[in-house]
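Novice: Below you will find the structure I want to go over with you.
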């Protein structure tokens, strides 16, 4: 398969008019996942935050004070939110790392193949080739920042 060097990565990204439909679809879906990631993580985390009401001893969901956090129906939704938070919050970056690592191979040259650069180059083209995975680290950091912002009561 044809390989490209670092200078050609930017040129390939500019040739969108010649892109195959499956490449356009793949890139579009991946970009949407990456753009929605911080907002989705924030929304999921807010479903987990309850506030204690003084003098009542009860806690309610902060985003909807009609929902009592000790109610059985809330615990079901809380379980779903926790599962989604971890599956999406950490699963997407881990999956991305595994896929990039598989394409990279032992020496990283697999990421220079034209087909890989066209589809997934936006994930690693801003980083040194030996740090191709760094976008996944940034995603995990975003998840941790969201978690801290939503749950830190300072």
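In the numbering used here, the protein residues as written are 73 to 226. Note that CB positions come from ideal geometry on N, CA and C, so glycine has one too. Bear in mind the structure is a predicted one, so any value in this text is a computation, not a measurement.
Is the number of C-beta pairs between the segment 158–176 and the segment 105–114 that are closer than 8 Å three or more?
Specialist: The segment 158–176, when compared against the segment 105–114, does touch it at the 8 Å Cβ threshold.
Novice: In chain order, what are the residue ranges of uninterrupted beta strand (DSSP E) at least 3 long that sit wholly in the segment 98–130?
Specialist: Listed in chain order, they are 122–125.
Novice: Which residue from 158, 196, 187 and 156 puts its Cα closest to that of residue 173?
Specialist: Of the listed residues, the one whose Cα sits closest to residue 173 is 196.
Novice: Roughly how many angstroms lie between the CA atoms of residue 134 and residue 224, to the nearest whole one?
Specialist: C-alpha separation (whole angstroms): 14 Å.
Novice: Here's the rule: buried if 16 or more other CB atoms are within 10 angstroms of the residue's CB, otherwise exposed. What is residue 89?
Specialist: At residue 89, the pLDDT of 49 sits below 50, so the modelled position is not reliable and the matter cannot be decided from this model.
Novice: Using a Cβ-Cβ cut-off of 6 Å (strictly less than) and excluding sequence neighbours within five positions of residue 181, which residues of its own chain qualify?
Specialist: Contacts found: none.
Novice: In whole angstroms, what is the alpha-carbon distance linking residue 142 and residue 127?
Specialist: So the two alpha carbons sit approximately 16 Å from each other.
Novice: Once you ignore the five residues that flank residue 201 on each side, which residues in its own chain have a CB closer than 6 Å to its CB?
Specialist: Result list for residue 201: 180, in chain order.
Novice: Beta-carbon within less than 6 Å of residue 206's beta-carbon, same chain only, minus the 5 sequence neighbours each way: which residues are those?
Specialist: Here the set comprises 199.
Novice: Report the three-state DSSP secondary structure of residue 214 (helix, strand or coil).
Specialist: Correct three-state label for residue 214: helix.
Novice: Kindly list the residues whose CB is nearer than 8 Å to the CB of residue 146, restricted to its own chain and excluding five residues on each side of it in sequence; keep chain order.
Specialist: So the list reads 133, 139 and 140, once near-sequence residues are dropped.
Novice: Residue 222 and residue 121 - do their beta-carbons sit closer together than 9 Å?
Specialist: Their beta carbons are under 9 Å apart, which means residue 121 touches residue 222 by this criterion.
Novice: Less than 8 Å between the CB atoms is what I'm expecting for residue 214 and residue 113, so what's the real figure, rounded?
Specialist: At roughly 7 Å, the Cβ-Cβ gap stays under 8 Å, so residue 214 and residue 113 are in contact.
Novice: What did DSSP end up calling residue 203 once you bin it into helix, strand or coil?
Specialist: Reduced to three states, the DSSP call for residue 203 is helix.
Novice: Does DSSP classify residue 186 as helix, strand or coil?
Specialist: Three-state result, residue 186: helix.
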